[in-house]
Amino acid sequence: MLSPKLLADLHSLWLEGEQHDAATQERRERRLNITPDTGHLLYQLARSSQARRIVEIGTSNGYSTLWLALAARANQGLVQTLDILAEKQRQAAANLARFDLSKQVELICTDALAWLTDAPLYSADLVFLDAERTLYPAYWPHLQRILSPGALLVMDNAQSHPDECRPFVTEVLATPGYLAETYAIGKGQLVILKDC
Ligand SMILES: C[S@@+](CC[C@H](N)C(=O)[O-])C[C@H]1O[C@@H](n2cnc3c(N)ncnc32)[C@H](O)[C@@H]1O
14 MLSPKLLADL HSLWLEGEQH DAATQERRER RLNITPDTGH LLYQLARSSQ ARRIVEIGTS
74 NGYSTLWLAL AARANQGLVQ TLDILAEKQR QAAANLARFD LSKQVELICT DALAWLTDAP
134 LYSADLVFLD AERTLYPAYW PHLQRILSPG ALLVMDNAQS HPDECRPFVT EVLATPGYLA
194 ETYAIGKGQL VILKDC
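Read in order, the letters of the sequence shown are residues 14 to 209 in the working numbering.
Pasting the structure below:
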């Protein structure tokens with residue numbers, strides 16, 4: 014159960030991120046966190062689907078990872094979260110420790126495509142995609158492989174960056190066996206169910 018104190022602490026971390034991002038122009042330094050309602054959605058989807066093997070592409074300072082890790086803890090699962098920048102993952106490690114969620118998360122500092130290329134068949138129950146949007150079409154064949162039957166994939170920024178997301182969305186919609194819909198939550202969430 015998410016206590017009022019935990020929710021308030023998560024909100025403080027998000028506010029701190031918003032203030033940080035408003036004060037810096039350098040993209041690599043910005044946190045670019047999901048919105049709190051997106052966190053709620055991720056927690057609800059992961060918790061209710063009893064996802065135990067959760068993959069996140071784009072850790073940043075771990076704000077979204079915390080929501081996934083809370084669901085993983087309830088489900089006796091694990092989050093594997095990928096980021097290409099070591100400094101971002103250092104920040105995430107500190108936040109996970111602060112929320113006592115380090116045991117629920119494996120931090121992997123790598124290029125997402127390189128990691129996905131070696132990831133095994135049916136190894137994920139839920140994937141959260143929040144990194145370099147123009148690269149997503151190259152991820153899709155690997156994502157299809159790692160998603161287990163009935164698994165979910167959530168992609169952030171479907172409405173905030175529709176042009177960058179369009180090639181990926183078009184490919185997903187053209188792939189048989191997947192049911193996808195965009196929901197007006199936060200920056201727009203494309204939720205894909207592997208229905209095969
Ligand atoms: C939008 S931020 C993630 C925000 C995070 N999900 C949150 O809500 O707290 C995107 C992250 O993707 C990472 N990233 C960009 N390209 C990547 C790649 N090719 N492989 C892995 N991570 C990448 C960036 O370093 C950045 O930290």
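In this text, a Cβ means the ideal position worked out from N, Cα and C, and glycines have one as well.
This structure is a prediction, so every number in the text was calculated from the model and none was measured.
Give me, in chain order, the residues of the same chain whose beta-carbon lies closer than 8 angstroms to that of residue i; leave out the 5 immediate sequence neighbours on both sides.
i, result
"Ile-67", "Ala-59, Leu-81, Ala-84, Ala-85, Gly-90, Leu-91, Val-92, Gln-93, Ala-137, Asp-138, Leu-139, Val-140 and Phe-141"
"Leu-15", "Tyr-56 and Leu-83"
"Arg-146", "Asn-170, His-174, Glu-177, Cys-178 and Phe-181"
"Ser-115", "Ala-106 and Leu-109"
"Glu-31", "Asn-46"
"Asn-88", "Ala-59, Arg-60, Gln-63, Ala-64 and Arg-65"
Less than 8 angstroms between the CB atoms is what I'm expecting for residue i and residue j, so what's the real figure, rounded?
i, j, result
"Tyr-196", "Val-204", "6 angstroms"
"Gly-52", "Leu-23", "7 angstroms"
"Pro-150", "Glu-184", "6 angstroms"
"Lys-207", "Ser-173", "Not quite, the Cβ-Cβ distance comes to about 25 angstroms (not below 8 angstroms), so this is no contact."
"Asp-169", "Asp-131", "With a Cβ gap of about 24 angstroms, Asp-169 and Asp-131 do not count as contacting."
Please confirm whether residue i and residue j have their CB atoms less than 8 angstroms apart.
i, j, result
"Ser-62", "Glu-69", "no"
"Pro-162", "Cys-122", "no"
"Asp-34", "Leu-26", "no"
"Gly-75", "Ala-36", "no"
"Leu-126", "Gln-102", "no"
"Leu-20", "Ile-198", "no"
Enumerate in chain order the residues of its own chain whose CB-to-CB distance from residue i is below 6 angstroms, with the five nearest sequence positions on each side excluded.
i, result
"Trp-128", "Leu-95"
"Ile-97", "Asp-124"
"Ala-107", "none"
"Phe-112", "Leu-79"
"Gly-71", "Asp-143 and Ala-144"
"Arg-158", "Leu-134"
"Asp-50", "Ile-198 and Gly-199"
"Thr-48", "Gly-199"
Leaving out five residues on either side along the sequence, give the residues of the same chain with a beta carbon under 7 angstroms from the beta carbon of residue i.
i, result
"Pro-180", "Pro-150"
"Leu-166", "Val-140, Leu-142, Leu-156, Leu-160 and Ile-205"
"Ala-99", "Cys-122"
"Leu-186", "Ala-193"
"Arg-41", "Leu-98"
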